[in-house]
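Peer 1: Residues 305 to 561, numbered by the numbering used here, are exactly what the sequence shown covers, in order. We put the CB at the ideal spot given by N, CA and C, even for glycine. None of the values given here were measured: they were computed from a predicted structure. Supplied in structure tokens, the structure appears directly below.
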Amino acid sequence: MNFTHSSRKKWALIHWLGAAQQPPKSTHPSVSANAVATHLIQVAKALHDKKFECQVRMQGRTLLQQMSDKSLLNPFTDEEISAALQKTKPATAPGYDNIHVEFLKNLGPKARTWLSKFFSRIMATRSIPKIWRKAKVTAVEKPDKDPSLAATYRPISLLSVCYKLLERLALQHISPTVEGLLSPDQAGFWKGRSTCDQVAALTTFIEDGFQQNLKTGVVFLDLTAAYDTVWHTGLLYKLSKRMPYWFTRLVGLLLRN
């Protein structure tokens with residue numbers, strides 16, 4: 305800084321650095337954790353017909369009993385454990401068991417063998433540790449929403465890393481079956497697909513219609529709290545109609561309690 309150059313930019317940089325070190329306090333009204341939790345509970349309590357739910361539950365049990373192939377999944381191998389750990393993202397937050405991804409990624413051969421037997425026993429006995437049913441829930445504020453409302457905050461659940469590893473092992477076995485059942489128009493939750501594919505398909509459809517002097521009508525449906533209001537009984541019933549026996553029982557186990 306000298307008298308031959310303007311010091312305005314330098315001082316602006318210094319002020320900006322000072323503001324970055326001491327960010328201004330948020331003026332958002334405080335929303336308690338209990339308020340957010342109460343809102344989530346109310347959203348999850350979707351209205352349903354108890355008589356109809358009992359009927360669907362009985363139909364699902366009947367389908368499971370009538371399945372010709374009731375064989376369980378073969379025991380997991382050390383190679384499957386290693387492949388699943390290789391695909392697991394590092395530096396993710398742990399759940400209540402405080403087991404980090406790095407702990408599992410650096411396991412030796414004996415520990416991975418024990419882990420494969422442990423997961424295989426869960427599949428055979430259909431019982432999981434109680435601590436896996438607990439999740440650390442962090443409320444993240446949605447952009448451009450009223451921060452004084454509990455509905456403004458999106459819940460992020462931090463699950464046990466071991467629990468998520470079991471899910472990945474099941475995914476490796478069920479993916480070939482699922483890919484043969486999905487609609488070719490679906491893009492979400494499908495490897496190699498994304499929302500960009502849907503935008504491209506819609507744009508192409510509109511352009512083709514424009515060339516033929518046709519108008520295109522589009523309907524966008526946004527379901528509020530779609531995942532929080534999934535009907536578990538109906539989901540298990542649909543899985544029992546199309547999915548293998550072991551997978552339907554596993555999903556039922558993970559959704560219990």
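What are the boundary residues of the alpha helix (DSSP H) that includes L368?
Peer 2: Boundaries of the alpha helix (DSSP H) around L368: 354 to 370.
Peer 1: Measuring alpha carbon to alpha carbon, tell me which of R560, F524, G322 ends up nearest L539.
Peer 2: R560
Peer 1: What is the residue span of the alpha helix (DSSP H) that T442 lies within?
Peer 2: Taken as a continuous stretch (DSSP letters only), T442 belongs to no alpha helix (DSSP H), being part of the beta strand (DSSP E) at 440 to 445.
Peer 1: For the 8 Å Cβ check, are there 3 or more pairs between the stretch 397 to 416 and the stretch 355 to 367?
Peer 2: no
Peer 1: Candidates T442, A350, S420: which alpha carbon is nearest L527's?
Peer 2: A350
Peer 1: For G364 versus S544, is the C-beta distance shorter than 8 Å?
Peer 2: yes
Peer 1: Work out the CA separation of G412 and E483 for me, nearest whole Å.
Peer 2: 34 Å
Peer 1: If L469 and A388 are in contact, beta carbons under 8 Å, what's the gap, nearest whole angstrom?
Peer 2: 6 Å
Peer 1: Within the continuous alpha helix (DSSP H) that includes S479, where are the two ends?
Peer 2: 465 to 483
Peer 1: L463 and A620 - do their beta-carbons sit closer together than 8 Å?
Peer 2: What is shown of the chain runs 305 to 561, which leaves residue 620 out entirely.
Peer 1: Any idea which residues DSSP pairs S311 with across the strands?
Peer 2: Answer is none; S311 lacks a bridge partner.
Peer 1: Do you know how far the Cα of L321 is from the Cα of F551?
Peer 2: 54 Å
Peer 1: Assuming the contact rule is C-beta atoms closer than 8 Å, V335 and S452 should be a hit. Round their C-beta distance to whole Å, please.
Peer 2: V335 to S452, Cβ: 7 Å. Contact.
Peer 1: Below 8 Å on the Cβ atoms is my guess for D501 versus V347; work out the distance and round it to an integer in Å.
Peer 2: With 8 Å as the limit, D501 and V347 do not qualify as a contact, their Cβ atoms being about 30 Å apart.
Peer 1: What are the start and end residues of the alpha helix (DSSP H) that includes S452?
Peer 2: Taken as a continuous stretch (DSSP letters only), S452 belongs to no alpha helix (DSSP H), as it is neither H nor E.
Peer 1: In the DSSP output, which residue or residues are listed as bridge partners for S461?
Peer 2: V441
Peer 1: Under 8 Å by Cβ, that's how I've got K374 and Y549 pegged, so tell me the actual separation to the nearest angstrom.
Peer 2: 5 Å
Peer 1: How would you label V340, buried or exposed, when you count the other beta carbons within 10 angstroms and need 16 or more for buried?
Peer 2: Flag for V340 reads buried.
Peer 1: Under a Cβ-count criterion, where at least 16 other Cβ atoms within 10 Å of its own Cβ denotes burial, should H319 be classed as buried or exposed?
Peer 2: Under a 10 Å Cβ-count criterion, H319 is classified as exposed, with fewer than 16 other Cβ atoms of the shown protein chains found around its own Cβ.
Peer 1: Starting from I385, trace the alpha helix (DSSP H) in both directions and tell me its first and last residue.
Peer 2: 382 to 391
Peer 1: Within its chain, find whatever has a CB closer than 7 Å to the CB of L368; leave out the 5 residues flanking it on each side and keep chain order.
Peer 2: Cβ within range, chain order: S544, Y549, T552.
Peer 1: Rounded to a whole number of angstroms, what is the C-alpha to C-alpha distance between V360 and M371?
Peer 2: 17 Å
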